[in-house]
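Trainee: Structure in structure tokens, see below.
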Amino acid sequence: MKFVILGNGAAGISAAEKLRQLNDNCEITVVSIEDVPVYTKFMLPDYIGGKIARNKLILRDMNYYDKNRIKLLLSEKIENIDSHQKVVRLLSGNILEYDKLLVAVGGSPVIPNIEGLRDIKYFTLNSIKDADNIIENAAEGQKAVIIGAGLTGIETAFALKRLGMNVTLVERGSRILPQQLDAASAEMLVEMIRNEGIELLLQRDVQRIVKNDGYLIETADGEKVGFDMLVIAIGTRPNLDIVKGLDIKTNRGILVNNYMETSVKDIYAAGDVAELQSNNNVGIVSSYIWPNALAQGKCAASNMAGQVQEFSSDAGFSNAVRLRDIPFVSMGMINPVEKEYESLVFCDKEDHIYRKVVLRDNKIKGLILLGDTSAANILSDFVKNGKDISQIKDIIAKKDFVEKYKAIK
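The letter at position 63 of the sequence shown is residue 63 when you use full-length UniProt numbering, and the numbering goes up by one with no holes.
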């Protein structure tokens, strides 16, 4: 049995490892456009900010691939996929035959249509090479402007601040992280970011780049901000070019069912490039979340190996990120509008601590922890196992929830 995996990120490596676990005799080939083995992508801002060495990012070295008989092809670009002959053609001339194929090629940064942007040097953060490039060009005392105050933008801002740069975050929306925070916690996080010396501008639509004794961004209302370094961090887009020419269904991503199967026989997709559709859920189930991509890769591998497994979005809908010294966890439904949902909230503005737990039928359907994530393991256990929280409902919104929970446990 020949398995080919396109992409060596979280979904790709988890699939390769699962396939080897399930089938000791199969051939596994992983193709990567990058020149290094799999690494922890979400830690790239820590690498930029000097909190971790480059070699510490690498999750699996080449010896690991050799030991597990996983053939890793680095610095390879894909020319096309032929689903009839069941081969993948690489630009290097290599042709890979497959019985089952997994597409896990991730996404690429979205580049906004800003006048003058393509005439200057700008940066993105989507790979270890991008991080290297930022480090090489960052200089203490210089001005950095980051367009986009999402998770990547915020973490990059903290990283550049640690390098001694003067950082301005520019966000088009009226608040930050609307998918991860409610209005109250978003307002608190804005204050925390500004307290770290990072300028954060909301509701600013960057229209053009102006050259005037250096470079400036100019917003729709005429505001100008100078910069030495410009980082674009407004999001990513699934890499769909790889399946052009195939009769494969796509929307924003490659459409897959709960078994990670695409509309083409023997071709699967997982991670950032995949879009889950099922009877209960149509649309993106965010795989930008590392655990979700891992879970999708494993699920795809199980089905590729003939062991039927259905993917559950609950297996990976949590997203935890640390913004410098700011702990932050967001999970599931955080902004409910239906009456059957109930929200329990603890808010300490002085100490910048926010806890929100969203319930339905006494079961946790979502939560926000900001400034203090000590309750994360306790609450996520209730989520994963679908436990009724009646016994702790009256203490969830208490400041000393963790201590009280341990006392009654």
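Glycine included, C-beta positions come from ideal geometry on N, C-alpha and C.
Measuring alpha carbon to alpha carbon, tell me which residue in 342, 337, 379 and 292 is nearest residue 106.
Mentor: 292
Trainee: Closest to residue 390 by CA distance: which of 196, 277 and 344 is it?
Mentor: Cα-wise, what sits closest to residue 390 is 344.
Trainee: Would you mind stating whether residue 8 and residue 72 have Cβ atoms separated by less than 9 Å?
Mentor: yes
Trainee: Can you name, in chain order, every residue of its own chain whose Cβ lies under 7 Å from the Cβ of residue 110, other than the five neighbours on each side?
Mentor: Same-chain partners within the cutoff: 234, 235, 236 and 237.
Trainee: With a threshold of 16 other CB atoms inside 10 Å of the CB of residue 102, please say whether the residue is buried or exposed.
Mentor: buried
Trainee: Can you tell me where the beta strand (DSSP E) holding residue 458 begins and where it ends?
Mentor: The question about residue 458 has no answer here: the residues shown for the chain are numbered 1 through 409.
Trainee: Could you give the distance in angstroms between the alpha-carbon of residue 1 and the alpha-carbon of residue 81?
Mentor: 18 Å
Trainee: Pick out the complete beta strand (DSSP E) segments inside the stretch 96-174, 3 residues or longer, and give them in chain order.
Mentor: 100-103, 107-109, 143-147 and 166-170
Trainee: Could you pull the start and end residues of the beta strand (DSSP E) that residue 354 belongs to?
Mentor: 353-360
Trainee: Of the choices 260, 277, 309 and 44, whose alpha-carbon is the least far from that of residue 151?
Mentor: 44
Trainee: According to DSSP, residue 2 sits in a beta bridge with which residue or residues?
Mentor: The secondary-structure analysis by DSSP pairs residue 2 across a beta bridge with 27.
Trainee: Using a threshold of 8 Å, is the CB atom of residue 346 nearer than that to any non-hydrogen atom of the ligand HEM?
Mentor: Of the ligands one can find in the structure shown there are none, so the ligand HEM has no counterpart to examine.
Trainee: Per the contact definition of three or more C-beta pairs closer than 8 Å, is the stretch 199-215 in contact with the stretch 37-56?
Mentor: They do not touch, by the three-pair rule.
Trainee: For residue 130, I'd like the list of residues in its chain whose CB is within less than 8 Å of its CB, leaving aside the five on either flank, ordered along the chain.
Mentor: 44, 123 and 124
Trainee: Flag this pair as touching only if the stretch 360-373 and the stretch 178-196 have three or more C-beta atom pairs under 8 Å; answer yes or no.
Mentor: yes
Trainee: Can you give me the C-alpha to C-alpha distance between residue 268 and residue 59, rounded to a whole angstrom?
Mentor: 24 Å
Trainee: Between 104, 99, 63 and 79, which has its C-alpha nearest residue 290's C-alpha?
Mentor: Here the closest residue by C-alpha is 104.
Trainee: So, under 8 Å CB-CB, residue 346 and residue 364 are touching, yes? Tell me the CB distance rounded to an integer number of Å.
Mentor: Between residue 346 and residue 364 a beta carbon distance of about 15 Å is seen, past the 8 Å cut, so the two are scored as non-contacting.
Trainee: Around the C-beta of residue 93, are 16 or more other C-beta atoms found within 10 angstroms, so that it is buried, or is it exposed?
Mentor: exposed
Trainee: Count the other CB atoms, across all protein chains shown, that sit within 10 Å of the CB of residue 388; report buried if there are 16 or more and exposed otherwise.
Mentor: exposed
Trainee: Out of 296, 156, 70 and 79, which one is the CA nearest neighbour of residue 258?
Mentor: 296
Trainee: What number of angstroms, rounded off, separates the C-alpha of residue 20 from the C-alpha of residue 13?
Mentor: Their backbone Cα atoms lie some 11 Å apart in a straight line.
Trainee: Considering residue 15, what are the terminal residues of the alpha helix (DSSP H) in which it resides?
Mentor: 10-22
Trainee: Among 197, 69, 397 and 119, whose alpha-carbon lies nearest the alpha-carbon of residue 209?
Mentor: 119
Trainee: Should residue 137 go down as buried or exposed, given a rule of 16 or more other Cβ atoms within 10 Å for buried?
Mentor: exposed
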